[in-house]
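Visitor: To start, I am sharing the structure in question, which I have written as structure tokens.
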Amino acid sequence: MPSFKSSEPAPTVPDFVDIPLFQIKFMGAKLFKWIPDEPNSKLQIILLGTFCIFATFNFTSMLLFVIKDQLETSLDITEFILFWGFALNAMMKGGTMVCFRHEIESILKGLIAKHPKTAEERAAYQLVPYFRTINISNKYLSIWHLSITSIFVVHPLIASIHGYVSREDKNKSFDFTLPFMMTYFYDINQPIAYAISYLLQCCGAFHVSLLFLSGDLLLISMVHLVNMHFGYLIYKIESFQPTGTDADMKVLGPLMVYHNEMLNYAERIDNTFGVATLLNYVGSCLVLCLIGLQIAMGSEAVIVIKFIGFLVSTIVQVFFVSYFGNNMKDLSTGISDAFYNHPWYDANYKYMRMLVLPIARSQRYAHLTAFKFFEISMDSFKSLCTTSYQFFTLLRTSMEEEDS
């Protein structure tokens, strides 16, 4: 049995999903209550109201830009599509979490009942290593993604201040730069109006980024919890030593029930996030393609650096979803190998006959899908990158032919 240090913490299910739920809560939304009598926070209501106001205002301003303004260059068109696609993808992820909040609550609270409780169980489950893995992954993705968002919202402000201070004609009106393409009912070139508009866009950018980020982090956290149980099942099966008596059946039966429960949780997670995962893959393919165009055809070095960061952030986020989905597939398949590898030959005839059922059941492994269209794995990640590059080269060639 794995060693266990009594000084190590004992992470709970809420600890595993703490980072994504905190990000959602930061925007004022609370998917569910861990305990029925958990009080509502006035701050949470204020944050939710603020988020709704900012989201409505920014969405209206983006629509006004479509109606009133014209995109002059191909780079402007791709940049506008990129921001729209990212925002809609984020709103879709947020909508998925809200619509399926009761199912998410049911899954997490069901996993609480299966969570290891004793020191020996925590060692067998490798609870602390599993928690460290997801905690580091969530923190890394959050820091990187929000850092890129910060670069996008800070750069136009610095550029505007520098241009305003260094302009030659102090009497001539100056056009301030905003982070994103939006149109307002008022003149943004006035200092106070510009400051308000900039603040609204900054808040909107971080709100969208948190929605986009929290959806994926919640998905991989729940998948990682189920993966921990699959790993424990493999350990229990491989370490079981049959005695050759009917008592062996009393061990095999609960393992089969436990396996079916984890397969059910995996399927429910897939059904909950399936549509969001499909749109995430399709949206990421579009984003990668358009970011590639921005990098290849962009003129300013700072803009190119920004979009390189955006490109890396998008790739890494899809990679993590694919990586944890691939782990689920491998661990679920490993249960079949565990049944083959444990000393079944020491059991009696009844046990050997019954063993056919769990082996056959484990052949239908657990996995994530993009709304049943394809499995989420490292192979799908490679296909995404390949397809994005093919679309990128096609679009770049078409745009170069039009310009020539």
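Residue numbers are given in our numbering: position 245 of the sequence shown equals residue 249, and the series is strictly consecutive.
Note that beta-carbon positions come from the ideal geometry of N, C-alpha and C, so glycine has one too.
Pull up the DSSP beta-bridge partners for Glu379, would you.
Guide: Your numbering for residue 379 matches position 375 in the sequence shown. Partner(s): Thr373.
Visitor: How should Gly53 be labelled, buried or exposed, when 16 other C-beta atoms within 10 angstroms of its C-beta is the threshold for buried?
Guide: Residue numbering aside, residue 53 sits at position 49 when the sequence shown is read from its first letter. Gly53 is exposed by the Cβ-count criterion.
Visitor: Would you kindly report the start and end of the unbroken alpha helix (DSSP H) that includes Gln194?
Guide: For the purposes of this step, residue 194 is identified with residue 190 of the sequence shown, where counting begins at 1. Neither: Gln194 is in no alpha helix (DSSP H) and is coded neither H nor E.
Visitor: Helix, strand or coil: how does DSSP classify Lys37 here?
Guide: Translated into positions along the sequence shown, residue 37 becomes position 33. In the structure shown, Lys37 sits in coil (DSSP, three-state: anything other than H, G, I, E or B).
Visitor: From what residue to what residue does the alpha helix (DSSP H) around Ser146 run?
Guide: Along the sequence shown, one-based indexing puts residue 146 at 142. Run containing Ser146: Leu131 to Ser170, per the alpha helix (DSSP H) assignment.
Visitor: Going by beta carbon distance, what residues of the same chain come within less than 7 Å of Asn331, once the five residues before and after it are set aside?
Guide: By one-based count along the sequence shown, residue 331 stands at place 327. Closer than 7 Å at Cβ, skipping near neighbours: Asn231.
Visitor: Any idea what DSSP makes of Phe20, helix, strand or coil?
Guide: On the sequence shown, residue 20 is found 16 positions in, with the first residue counted as 1. Here Phe20 sits in helix by DSSP.
Visitor: Report buried or exposed for Cys206, applying the criterion of at least 16 other Cβ atoms within 10 angstroms of its Cβ.
Guide: The residue given as residue 206 occupies position 202 in the sequence shown. Looking at its Cβ environment, which holds 16 or more other Cβ atoms inside 10 Å, Cys206 is buried.
Visitor: Find out if the Cβ-Cβ distance for the pair Glu107, Arg368 is shorter than 8 Å.
Guide: For the purposes of this step, residue 107 is taken as residue 103 along the sequence shown, with counting starting at 1. For the purposes of this step, residue 368 is taken as residue 364 along the sequence shown, with counting starting at 1. No. Outside cutoff.
Visitor: By DSSP, does Asp350 sit in helix, in strand, or in coil?
Guide: In the sequence shown, the residue the question calls residue 350 occupies position 346. DSSP places Asp350 in helix when its eight states are reduced to three.
Visitor: What distance in whole Å lies between the Cβ atoms of Phe277 and Thr100, which are believed to be in contact at a cut-off of 8 Å?
Guide: Your numbering for residue 100 matches position 96 in the sequence shown. Your numbering for residue 277 matches position 273 in the sequence shown. Right, the Cβ-Cβ distance comes to about 7 Å (below 8 Å), so this counts as a contact.
Visitor: What would DSSP say about Phe26, mapped onto helix, strand or coil?
Guide: The sequence position of residue 26 within the sequence shown is 22, counting from 1. Three-state DSSP puts Phe26 in a helix.
Visitor: Return yes when the Cβ of Tyr239 is within less than 8 Å of the Cβ of Ala128, no when it is not.
Guide: Residue numbering aside, residue 128 sits at position 124 when the sequence shown is read from its first letter. Residue numbering aside, residue 239 sits at position 235 when the sequence shown is read from its first letter. Yes; because the gap between Cβ atoms is below 8 Å, this pair is in contact.
Visitor: Using the beta-carbon count (16 or more within 10 Å), is Val169 buried or exposed?
Guide: Mapped onto the sequence shown, residue 169 falls at position 165. When all chains shown are included, Val169 counts as exposed.
Visitor: Between which two residues does the alpha helix (DSSP H) carrying Pro362 extend?
Guide: Counting from 1 along the sequence shown, the entry for residue 362 is found at position 358. Pro362 -> alpha helix (DSSP H) spans Val360 to Gln367.
Visitor: Please classify Thr77: does DSSP put it in a helix, a strand, or coil?
Guide: If you number the sequence shown from 1, residue 77 lands on position 73. Coil, per DSSP.
Visitor: Between Tyr269 and Ala374, how many whole angstroms is the CB-CB distance? I'm expecting something under 8 Å.
Guide: To locate residue 269, count along the sequence shown from 1; it is residue 265. To locate residue 374, count along the sequence shown from 1; it is residue 370. Wrong, their Cβ atoms sit about 19 Å apart, outside the cutoff.
Visitor: DSSP state of Met5, grouped into three classes?
Guide: The residue given as residue 5 occupies position 1 in the sequence shown. Legend: pLDDT at Met5 = 44, less than 50; position of this residue unreliable, value from coordinates given subsequently. If DSSP states are grouped into helix, strand and coil, Met5 belongs with coil.
Visitor: When you compare only the Cα positions, how much space is there between Lys333 and Phe343?
Guide: In the sequence shown, residue 333 corresponds to position 329, counting from 1. In the sequence shown, residue 343 corresponds to position 339, counting from 1. Distance between the alpha carbons of Lys333 and Phe343: 16 Å.
Visitor: Start and end of the alpha helix (DSSP H) containing Ser45?
Guide: Reading the sequence shown from its first residue, position 41 is the one you call residue 45. Where Ser45 is concerned, there is no enclosing alpha helix (DSSP H), given that its DSSP letter is neither H nor E.
Visitor: Touching or not, the segment 29-42 and the segment 157-171, by the rule of three or more beta carbon pairs under 8 Å?
Guide: Because the criterion of three Cβ pairs below 8 Å is not met, the segment 29-42 and the segment 157-171 do not touch.
Visitor: Quick check on this structure: which residue in Tyr262, Leu256, Pro24 and Phe87 has the alpha carbon closest to the alpha carbon of Ser288?
Guide: Within the sequence shown, the letter at position 284 stands for residue 288. Of Tyr262, Leu256, Pro24 and Phe87, the residue nearest in Cα terms is Phe87.
Visitor: Would you decide whether Cys56 is buried or exposed? Buried here means 16 or more other CB atoms lie within 10 Å of its CB.
Guide: Here residue 56 is taken as the residue at index 52 of the sequence shown, counted from 1. Counting Cβ neighbours within 10 Å, Cys56 comes out exposed, since fewer than 16 surround it.
Visitor: Leaving out five residues before and five after Lys72 in sequence, what residues of the same chain have Cβ atoms less than 6 Å from its Cβ?
Guide: Here residue 72 corresponds to residue number 68 of the sequence shown, with the count starting at 1. Cβ neighbours of Lys72 beyond the five flanking positions: Thr187.
Visitor: Quick check on DSSP: helix, strand or coil for Phe180?
Guide: Indexing the sequence shown from 1 puts residue 180 at position 176. Correct three-state label for Phe180: coil.
Visitor: Going by DSSP in three states, Pro258 sits in which element: helix, strand or coil?
Guide: Counted from its first residue, the sequence shown places residue 258 at position 254. Helix at Pro258.
Visitor: How many whole angstroms separate the CB atoms of Leu399 and Cys293, which I take to be in contact at a CB cut-off of 8 Å?
Guide: Sequence index remark: in the sequence shown, residue 399 carries index 395 (1-based). Sequence index remark: in the sequence shown, residue 293 carries index 289 (1-based). The pair is a contact, with the Cβ atoms about 6 Å apart (cut-off 8 Å).
Visitor: Ignoring anything shorter than 4 residues or poking outside the segment 195-253, list the alpha helix (DSSP H) runs there in chain order.
Guide: Whole alpha helix (DSSP H) segments, 4+ residues: 195-243.
Visitor: What number of angstroms, rounded off, separates the C-alpha of Gly235 from the C-alpha of Leu361?
Guide: Walking along the sequence shown from the start, residue 235 turns up at place 231. Walking along the sequence shown from the start, residue 361 turns up at place 357. Answer to the nearest angstrom: the Cα atoms are 20 Å apart.
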